[in-house]
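Q: Oh and the sequence shown: position 221 is 221 in full-length UniProt numbering, straight run, nothing missing.
Glycine included, C-beta positions come from ideal geometry on N, C-alpha and C.
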Amino acid sequence: MTNMLPNIPADLHDPQQISFSFVIVTRNNPEELQQTVNSICRELPESSEIVIVDGSDEPFGFECIRNMLGDASAPTVYRLDEKKGVYHAQNIGISCSSGQWIIVINSGDTLEQGACTHLDSIRDSKDDLIVFGQNVVDMYGKLAYACHPTADSVWPHQSVVAHRRVHNKFGLYPESFRFTSEQLFYAQIRNSIKFSIRNEVISVFRLGGLTSGASLARSKEIFVVRRALGAGVLYSTASAFIFPYIRYMLERYHVLAPLVTTLRKLLYPCYRTCQPAKNDATTK
1 MTNMLPNIPA
11 DLHDPQQISF
21 SFVIVTRNNP
31 EELQQTVNSI
41 CRELPESSEI
51 VIVDGSDEPF
61 GFECIRNMLG
71 DASAPTVYRL
81 DEKKGVYHAQ
91 NIGISCSSGQ
101 WIIVINSGDT
111 LEQGACTHLD
121 SIRDSKDDLI
131 VFGQNVVDMY
141 GKLAYACHPT
151 ADSVWPHQSV
161 VAHRRVHNKF
171 GLYPESFRFT
181 SEQLFYAQIR
191 NSIKFSIRNE
201 VISVFRLGGL
211 TSGASLARSK
221 EIFVVRRALG
231 AGVLYSTASA
241 FIFPYIRYML
251 ERYHVLAPLV
261 TTLRKLLYPC
271 YRTCQPAKND
281 ATTK
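1) Let me check understanding here. Comparing Cα to Cα, which of His-163, Arg-165, Gly-133 lies closest to Ala-151?
2) Quick one: what does DSSP say Ala-228 is sitting in, helix, strand or coil?
3) Can you round the beta-carbon distance between Asn-135 and Val-204 to whole angstroms, since I take them to be within the 8 angstroms contact cut?
4) If you draw a straight line from the C-alpha of Pro-244 to the C-alpha of Thr-237, how long is it?
5) Just to confirm, is the Cβ distance from Ala-74 to Glu-49 under 7 angstroms?
6) Counting pairs of Cβ atoms below 8 angstroms between the segment 186-196 and the segment 93-101, do you hit three or more?
7) In the DSSP assignment, the beta strand (DSSP E) including His-163 goes from what residue to what residue?
8) Skipping 5 residues on each side, what residues in its chain have a beta carbon closer than 7 angstroms to that of Ser-219?
9) Using DSSP's beta-bridge definition, name the partner residues of Asp-138.
10) CA-CA distance, Val-131 and Glu-82?
11) Would you kindly work out how many angstroms separate the C-alpha atoms of His-148 and Lys-84, rounded to a whole number?
12) My output table needs one value for Val-37: the three-state DSSP class, helix, strand or coil.
13) With C-beta atoms as the reference, is Ile-102 less than 7 angstroms away from Ala-162?
Structure follows, in structure tokens:
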């Protein structure tokens, strides 16, 4: 693991100077990284930094990253990942960050228009963690629905803004989980922290990545997370071992994709009051 960004003035990484750290994890997808960087730069709150963790076979390099950032004035930390998994990379980014508030986002996902205003509103919050809403784009590139997490639902990391003291006290994401590590982390700590749920949407999540597909390993992790959230055995089994496979099969056919939202409303609290996402409200 090598620091690829030398000669950054020390005061730029003073936690007292940085309010928000945006941690971006990427591997072999420069176009999606560019999309993510562009959305963050458009919604960049004052006193922010960008931390990029790159696990690509051919790392981008500092000049390439600078070109992506364009005129953005935010200090940038660029680290290489040793390809030990997405959560290992996210933990590297969190460890390298300096901001009081940390947002972890994968390349390909983006910040929603207006996110800057919502983030500015929590700058002086006394909460340990704040959970916002999220728009979801399906495998066909269509805005499918909005997710509004609840106190007892899973929390999508792209819409979770965690104060630094959360990781100082509870550590980083457990790397033994490959697909749902951040969800397990949030489930385990939420009774020990002060958090708030906000209705505003700040991120856009695109289905189809590592954590979106159906697999037995992923289902086992989902089951553990549901149980950690207090769900019963039958509900946890259905949401972990049955629904992901039904959803995966339906999403393969564009005409059947709307049924996925109906199933989500039946199974998951955060989708029961969801409203369709609007095309003109989302960063492409």
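A: In short, the structure shows the following:
1) Position 151 of the sequence shown, counted from the start, is the residue given in the question as residue 151. Taking only the C-alpha atoms, the option nearest Ala-151 is Gly-133.
2) Taking the sequence shown and counting its residues from 1, the one referred to as residue 228 is at position 228. Correct three-state label for Ala-228: helix.
3) Within the sequence shown, residue 135 is the residue found at index 135, counting from 1. Within the sequence shown, residue 204 is the residue found at index 204, counting from 1. Right, the Cβ-Cβ distance comes to about 5 angstroms (below 8 angstroms), so this counts as a contact.
4) Along the sequence shown, read from residue 1 onward, the residue named residue 244 stands at position 244. Along the sequence shown, read from residue 1 onward, the residue named residue 237 stands at position 237. Pro-244 and Thr-237: Cα-Cα distance of roughly 11 angstroms.
5) Numbered from its first residue, the sequence shown carries residue 74 at position 74. Numbered from its first residue, the sequence shown carries residue 49 at position 49. Closer than 7 angstroms, so yes.
6) no
7) Along the sequence shown, read from residue 1 onward, the residue named residue 163 stands at position 163. Looking at the DSSP string, the run of the beta strand (DSSP E) that includes His-163 is 160-163.
8) The residue given as residue 219 occupies position 219 in the sequence shown. Once the five neighbours on either side are set aside, the close Cβ partners of Ser-219 are Ala-240, Phe-241, Pro-244.
9) For this step, residue 138 is matched to residue 138 along the sequence shown. BP columns for Asp-138 are empty, so no partner.
10) Counting from 1 along the sequence shown, the entry for residue 131 is found at position 131. Counting from 1 along the sequence shown, the entry for residue 82 is found at position 82. Whole-angstrom Cα-Cα distance: 30 angstroms.
11) Stepping through the sequence shown from its first residue, residue 148 is reached at position 148. Stepping through the sequence shown from its first residue, residue 84 is reached at position 84. Roughly 31 angstroms separates the two Cα atoms.
12) Residue mapping note: residue 37 aligns to position 37 of the sequence shown, counting from 1. Helix at Val-37.
13) One-based indexing of the sequence shown puts residue 102 at position 102. One-based indexing of the sequence shown puts residue 162 at position 162. Going by C-beta atoms, Ile-102 is nearer than 7 angstroms to Ala-162.
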